[in-house]
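S.K.:
There are 4 protein chains.
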Amino acid sequence: MQTNPNSATLLIHCKDKKGIVVSVTEFIHKNNGNILYLDQHVDHQEKEFFMRVQWDLEGFAIPTKKIGDYFTTLVGERYAMKFDLYFAQNTPRIAIFVSHLSHCVYDILSRVSSGEWNIEVPLIISNHSKLKHVAQQFNIPYHVFSISKENKTEQEQKILQLLRENAIDSVILARYMQILSPQFIAEFEHQIINIHHSFLPAFPGAKPYHSAYERGVKLIGATSHYVTPELDGGPIIAQGVTEVTHKDTVENMKRKGLDLEKIVLSNAVWSHIQRKTLIYNNKTIVFE
Amino acid sequence: MQTNPNSATLLIHCKDKKGIVVSVTEFIHKNNGNILYLDQHVDHQEKEFFMRVQWDLEGFAIPTKKIGDYFTTLVGERYAMKFDLYFAQNTPRIAIFVSHLSHCVYDILSRVSSGEWNIEVPLIISNHSKLKHVAQQFNIPYHVFSISKENKTEQEQKILQLLRENAIDSVILARYMQILSPQFIAEFEHQIINIHHSFLPAFPGAKPYHSAYERGVKLIGATSHYVTPELDGGPIIAQGVTEVTHKDTVENMKRKGLDLEKIVLSNAVWSHIQRKTLIYNNKTIVFE
Amino acid sequence: MQTNPNSATLLIHCKDKKGIVVSVTEFIHKNNGNILYLDQHVDHQEKEFFMRVQWDLEGFAIPTKKIGDYFTTLVGERYAMKFDLYFAQNTPRIAIFVSHLSHCVYDILSRVSSGEWNIEVPLIISNHSKLKHVAQQFNIPYHVFSISKENKTEQEQKILQLLRENAIDSVILARYMQILSPQFIAEFEHQIINIHHSFLPAFPGAKPYHSAYERGVKLIGATSHYVTPELDGGPIIAQGVTEVTHKDTVENMKRKGLDLEKIVLSNAVWSHIQRKTLIYNNKTIVFE
Amino acid sequence: MQTNPNSATLLIHCKDKKGIVVSVTEFIHKNNGNILYLDQHVDHQEKEFFMRVQWDLEGFAIPTKKIGDYFTTLVGERYAMKFDLYFAQNTPRIAIFVSHLSHCVYDILSRVSSGEWNIEVPLIISNHSKLKHVAQQFNIPYHVFSISKENKTEQEQKILQLLRENAIDSVILARYMQILSPQFIAEFEHQIINIHHSFLPAFPGAKPYHSAYERGVKLIGATSHYVTPELDGGPIIAQGVTEVTHKDTVENMKRKGLDLEKIVLSNAVWSHIQRKTLIYNNKTIVFE
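Sequences listed follow chains C, E, D and Y, in order. To convert, take the position in the first sequence, counting from 1, and add 33; that gives our numbering. To convert, take the position in the second sequence, counting from 1, and add 33; that gives our numbering. To convert, take the position in the third sequence, counting from 1, and add 33; that gives our numbering. To convert, take the position in the fourth sequence, counting from 1, and add 33; that gives our numbering.
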């Protein structure tokens with residue numbers, strides 16, 4: 034992972050005013066921080082300002098633990114900013130949820146195993162035992178929680194308990210075929226990433242490849258988004274498409290979709306763990 | 034246009050049976066025709082067979098005018114085929130319908146002017162006078178038919194009359210912003226090509242870029258389809274997408290969409306005038 | 034794998050003449066074979082004919098073992114055809130060669146493990162022990178053959194012996210960083226697939242990402258090709274590109290390239306194991 | 034054109050130091066300028082800093098004519114900056130050079146005609162009379178300068194004289210098939226944009242589609258770059274590719290390439306006229 038291991042990242046948004054960029058960069062500059070990355074965005078329609086800035090903490094005058102406080106006092110309050118502050122030294126701890134299909138979870142775990150991604154995956158959760166062997170291959174605990182209408186609330190509570198015990202930050206739904214309850218989602222607001230196998234908003238819900246086949250589209254897609262209580266309606270992080278022709282059956286679309294799904298999901302997760310995503314008005318700003 | 038100018042093209046479909054390819058190729062082979070192109074497709078779900086075959090008429094034993102009859106008798110009836118027979122010597126005659134935006138009509142006319150496409154454009158029709166100068170630049174008659182609720186039926190009849198007088202085969206809706214009546218569409222069934230500025234079935238109807246912006250998609254698209262009475266619901270011929278980010282305003286999406294629209298429309302028209310499209314079950318087989 | 038498990042596939046090429054398609058389809062049709070797939074290609078410049086045909090063996094009149102002989106006698110000799118005949122029941126046996134990077138081998142093994150691909154991988158070969166853990170995760174024997182100038186010939190002989198003992202059909206070089214000798218390549222002619230991390234013919238040889246960075250290209254690519262004695266000069270099977278900008282360092286290009294490499298390689302291998310590739314004049318016909 | 038018509042744009046580069054962003058944004062902020070766009074880039078290998086900033090001149094404290102001087106004194110000299118300052122009110126004046134193919138020049142002129150681009154095209158220059166009708170369609174003077182070995186220097190001098198008389202800023206080589214002399218290029222350094230019909234550095238020079246066909250690539254491309262004395266070796270602005278298969282003849286590649294060439298060239302010109310390009314070390318920074 035090419036992130037400087039001793040860096041801080043601020044993700045900021047507030048109403049747009051003159052001077053915000055100056056104030057933020059001055060805060061870093063005056064305290065002897067070297068800016069590694071700066072990107073900003075203004076939504077002129079909403080008059081909202083967004084910024085991501087990352088700087089080297091080597092020699093930074095403010096101790097790491099106090100940066101949040103100082104920034105709030107010296108800059109944040111002046112502009113009524115909402116901000117998140119991340120330190121590269123804190124490795125994201127992520128749980129992966131799966132059902133029957135292994136392509137996404139294999140893609141993620143192979144990135145972790147090779148060192149391409151610097152995250153920890155303390156556990157894999159499924160409603161089936163089917164992919165237990167994948168978890169075993171990578172020495173990751175695999176927990177099965179079968180879900181029925183009757184036991185859903187109870188099982189979700191047990192899952193949440195397990196996530197808390199493992200200090201999980203974020204959840205990846207790697208073709209997990211259960212719908213999470215609003216209560217569950219609320220506890221990991223904007224921290225649950227799903228992959229849906231269509232170019233949303235086309236073909237939400239079940240069996241999108243069947244729908245794509247019926248409609249005769251010439252492109253099939255995949256969409257990775259943050260999960261909200263509205264099914265397949267959350268802020269989109271990444272999308273991709275691939276060409277299909279009249280020759281492609283539903284089965285063939287499913288096969289072509291496998292690569293699309295795993296790459297689009299991984300692109301979204303990469304942006305998330307790099308702390309490059311910021312949500313506003315059910316849309317996602319994805320800094321480069 | 035790379036098509037052999039003395040060639041015939043058959044577009045065939047019927048229930049799938051053993052021996053169809055043999056029968057068709059034998060018909061051509063035995064009559065001394067050299068096959069230039071052959072592609073077939075079987076929809077195994079519908080058990081329907083589709084084929085496109087093109088052959089050189091040089092030295093072909095059956096006179097051009099009788100090929101249709103002979104084929105019907107010797108092959109077509111045996112398999113209860115539906116087929117269309119085209120001769121490359123008959124240049125397609127196409128009317129272009131426009132409203133306010135010129136990018137698509139410019140793209141088409143520049144292809145005709147350069148010889149990239151071998152079609153004739155005997156007239157351009159619009160509900161506005163705005164693009165008259167474009168028609169004049171290319172010396173093409175430009176007819177304005179303003180459309181209102183009250184006069185729509187009457188105006189469409191006048192347009193149809195004009196199309197008949199000009200022996201028009203096909204119609205291109207180059208961002209023509211009027212909805213054609215089912216009666217109009219019926220007269221040019223599967224011969225009217227539209228460009229819609231979204232990746233259908235996402236965002237049908239008006240203002241798709243606004244909808245794309247609101248939903249926060251990371252891809253915008255364009256879809257070219259044959260026009261049917263269902264708005265934006267006809268068989269899709271070609272689709273394309275381009276990436277957008279949080280930085281793209283509606284205005285910027287519109288600008289990025291211009292290129293997408295003109296290229297996707299032209300790809301669809303190219304397939305159509307090459308006689309490479311075949312419609313079945315509201316879907317389009319597009320041979321290569 | 035969607036291939037009919039009881040099917041045969043013919044890959045044919047010969048000088049183009051009238052009647053070849055008829056002869057081949059008649060051979061299958063008259064012996065009660067149902068054609069599942071047929072595609073043909075004529076290189077009009079070289080006047081060479083290429084064809085791939087696949088048919089259901091259920092009820093086929095000629096016993097599987099004799100199909101090759103009968104086809105030679107009844108069709109092949111008449112047209113001086115070269116052909117390969119494959120049976121879907123024979124699972125391809127493939128060896129994977131690796132060095133330091135695991136993304137491609139993980140991608141391949143996860144496809145095998147999930148059942149997406151129906152191949153057998155009896156062994157993995159490397160010039161390093163580094164990826165032994167990957168082989169162990171998938172329970173595949175891992176053999177290390179360190180290569181030096183002095184021992185290359187000898188080591189290659191040992192590798193070849195091992196491949197023979199394991200009845201290996203094809204070899205995948207999954208970022209294997211050794212150059213194989215012409216003798217080695219000759220034994221697996223057109224059966225060794227490599228992935229090169231550039232859009233060939235740009236940037237052959239070592240360090241293509243460095244070269245891409247130096248040249249300031251806006252696209253980086255990957256190319257999968259059959260290995261021939263000319264370095265990075267063999268017939269291309271699949272290529273892909275992804276966008277880069279001035280912001281992308283060499284390190285970042287390498288990271289972006291990982292996905293490109295693994296997907297392009299897997300696309301090529303998929304075509305190969307589906308028996309959809311045919312080599313002629315140092316180019317690859319890849320049927321759909 | 035969505036650019037604010039009363040805005041200024043600074044393109045800056047200098048050795049990277051702490052505080053540059055602060056200094057530049059303070060200069061604008063303190064003089065009551067509202068930043069519309071800010072993007073920066075640091076080449077960490079070369080330790081070079083690049084920035085593009087655009088701001089609204091409405092109410093800006095420094096008169097337009099003096100902004101350059103003030104900026105030099107107050108900011109530029111401190112950091113030894115090289116910078117270019119542009120005002121949106123100054124419409125770019127561009128000459129188009131053509132030879133036989135009209136697709137690129139049509140594409141450009143249709144963008145100007147529709148108002149998509151806000152540039153002036155005072156003249157078109159060619160070494161042939163072939164495309165005179167295109168110039169006439171758009172009422173643009175068309176000048177023919179036939180070029181031979183003997184008269185090249187003399188003819189180029191006449192062309193340069195004409196460009197000066199027309200106060201031309203930039204030149205677009207829209208498939209102009211002559212090589213410009215180093216003297217000519219020097220007078221319009223980094224202001225001449227060419228389109229080459231391959232994905233450079235693959236297939237520089239003549240007949241790239243023939244070379245692509247021979248090599249059997251699965252992608253063909255187009256590259257737009259600033260012209261330097263090294264043939265097809267200048268800084269790349271934009272590139273694109275499209276898929277080809279074994280079915281594509283050289284003629285077909287040429288046809289597919291037409292769209293690629295015109296879109297890639299127009300993308301490059303769009304970046305150039307938006308003042309989003311900055312050249313360094315024979316590479317192009319293209320701000321978004």
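No residue lacks a Cβ here, since even glycine has one placed at the ideal position from N, Cα and C. None of the values given here were measured: they were computed from a predicted structure.
Over what stretch of residues does the beta strand (DSSP E) that includes residue 102 of chain D continue unbroken?
M.R.: No beta strand (DSSP E) holds residue 102 of chain D; the alpha helix (DSSP H) holding it covers 100-104.
S.K.: Using a threshold of 8 Å, state whether the C-beta atoms of residue 228 of chain E and residue 74 of chain E are closer than that.
M.R.: Cβ atoms of residue 228 of chain E and residue 74 of chain E: not closer than 8 Å.
S.K.: Output the distance between the C-alpha atoms of residue 165 of chain E and residue 166 of chain Y, rounded to the nearest integer angstrom.
M.R.: Spanning the two alpha carbons is a distance of roughly 19 Å.
S.K.: For the beta strand (DSSP E) that residue 190 of chain E lies in, which residues bound it at each end?
M.R.: Per DSSP, residue 190 of chain E belongs to no beta strand (DSSP E); it is in the alpha helix (DSSP H), 185-198.
S.K.: So the candidates are Y/139, Y/137, Y/86; which of them puts its Cα closest to the Cα of residue 117 of chain Y?
M.R.: That would be Y/86, whose Cα lies nearest to the Cα of residue 117 of chain Y.
S.K.: What residues in the stretch 245-260 of chain D bring their beta carbon closer than 7 Å to a beta carbon of chain Y?
M.R.: Within the stretch 245-260 of chain D, the qualifying residues are 248, 249, 250, 251, 252.
S.K.: Cα-Cα, which of E/48, E/157, E/168, E/100 is closest to residue 79 of chain E?
M.R.: Closest by alpha carbon: E/48.
S.K.: For the stretch 80-162 of chain E, list the beta strand (DSSP E) runs that are entirely contained and at least 3 residues long, ordered along the chain.
M.R.: Qualifying beta strand (DSSP E) stretches, in chain order: 81-89, 115-120, 126-131, 153-159.
S.K.: I'd like to confirm something about residue 118 of chain E: is its beta-carbon nearer than 7 Å to some heavy atom of the ligand ATP, or not?
M.R.: As for the ligand ATP, it is missing from this structure, which has no ligand bound.
S.K.: Whose Cβ in chain Y lies nearer than 8 Å to the Cβ of residue 109 of chain C?
M.R.: By Cβ distance, chain Y contributes nothing, its closest Cβ being about 18 Å from residue 109 of chain C, past 8 Å.
S.K.: Considering only the beta carbon of each residue, do residue 230 of chain E and residue 255 of chain E sit closer than 8 Å?
M.R.: Yes, they are a contact pair.
S.K.: How would you list, in chain order, the residues of chain C whose beta-carbon sits under 7 Å from the beta-carbon of residue 67 of chain Y?
M.R.: Those within 7 Å of residue 67 of chain Y in chain C are 51.
S.K.: How about residue 243 of chain E and residue 297 of chain E: are their beta carbons less than 8 Å apart?
M.R.: Result no, Cβ atoms of residue 243 of chain E and residue 297 of chain E do not sit closer than 8 Å.
S.K.: What residues in the stretch 294-310 of chain D bring their beta carbon closer than 7 Å to a beta carbon of chain C?
M.R.: Going along the stretch 294-310 of chain D in chain order, one finds 296 with a Cβ nearer than 7 Å to chain C.
S.K.: What first and last residue would you give for the beta strand (DSSP E) that runs through residue 71 of chain Y?
M.R.: Here the beta strand (DSSP E) through residue 71 of chain Y covers 67-76.
S.K.: When the Cα atoms are used, what is the spatial distance from residue 189 of chain Y to residue 213 of chain Y?
M.R.: In a straight line, the C-alpha of residue 189 of chain Y is about 8 Å away from that of residue 213 of chain Y.
S.K.: Three-state secondary structure (DSSP) at residue 274 of chain D?
M.R.: Here residue 274 of chain D sits in strand by DSSP.
S.K.: Note the first and the last residue of the continuous beta strand (DSSP E) segment covering residue 44 of chain C.
M.R.: Segment 40-48, the beta strand (DSSP E) holding residue 44 of chain C.
S.K.: What does the Cβ neighbour count give for residue 177 of chain C, buried or exposed, with the cut at 16 atoms within 10 Å?
M.R.: Answer is exposed; the Cβ neighbour count stays below 16.
S.K.: Residue 59 of chain E versus chain D: which residues are under 7 Å apart at the beta carbon?
M.R.: Those are 55, listed as they occur along chain D.
S.K.: So residue 259 of chain E is in the beta strand (DSSP E); what residue range does that whole segment cover?
M.R.: Its beta strand (DSSP E) spans residues 252-259.
S.K.: Since residue 272 of chain C meets chain E, which of its residues come closer than 9 Å, beta carbon to beta carbon?
M.R.: Those within 9 Å of residue 272 of chain C in chain E are 250, 251, 252, 274, 276.
S.K.: Residues of chain D with CB closer than 7 Å to the CB of residue 291 of chain C, please, in chain order.
M.R.: Within 7 Å Cβ-Cβ: 149.
S.K.: Okay, do the stretch 104-121 of chain C and the stretch 56-75 of chain C touch, 3+ Cβ pairs below 8 Å being the bar?
M.R.: Yes, the stretch 104-121 of chain C is in contact with the stretch 56-75 of chain C.
S.K.: Taking the alpha-carbon of residue 37 of chain C as reference, which of C/64, C/120, C/168 has the nearest alpha-carbon?
M.R.: If we check each option's Cα against that of residue 37 of chain C, C/120 comes out closest.
S.K.: Compute the distance between the beta-carbons of residue 161 of chain D and residue 294 of chain D, then report whether it is under 8 Å.
M.R.: Their beta carbons are not under 8 Å apart, which means residue 161 of chain D does not touch residue 294 of chain D by this criterion.
S.K.: Below 9 Å on C-beta distance, what does residue 82 of chain C contact in chain B?
M.R.: Of the chains in the structure shown, none is chain B; the protein chains are C, E, D and Y.
S.K.: Compare the C-alpha of residue 321 of chain Y against each of D/279, D/305, D/311 and name the closest.
M.R.: Minimum Cα distance to residue 321 of chain Y is reached at D/279.
S.K.: Hey, would you say residue 203 of chain C sits closer than 8 Å to residue 269 of chain C, going by beta carbons?
M.R.: Not in contact: residue 203 of chain C and residue 269 of chain C (Cβ atoms no closer than 8 Å).
S.K.: Verify whether the separation of the beta carbon atoms of residue 141 of chain C and residue 205 of chain C is less than 8 Å.
M.R.: Contact: yes.
S.K.: By alpha-carbon positions, which one of D/143, D/159, D/69 ends up nearest to residue 291 of chain C?
M.R.: Nearest option by C-alpha distance: D/143.
S.K.: By Cβ distance below 7 Å, which residues in the same chain neighbour residue 209 of chain D in space, the five residues on each side in sequence not counted?
M.R.: So the qualifying residues of the chain are 130, 131, 132.
S.K.: Tell me the DSSP secondary structure of residue 279 of chain E in three-state form.
M.R.: The answer is coil: DSSP assigns residue 279 of chain E none of H, G, I, E or B.
S.K.: Hey, is residue 175 of chain D's beta-carbon within less than 8 Å of any beta-carbon in chain C?
M.R.: Cβ-Cβ to chain C under 8 Å: no for residue 175 of chain D.
S.K.: Nearest to residue 148 of chain D by alpha carbon, out of C/300, C/156, C/134?
M.R.: Looking at the Cα atoms, C/134 is the closest of the given residues.
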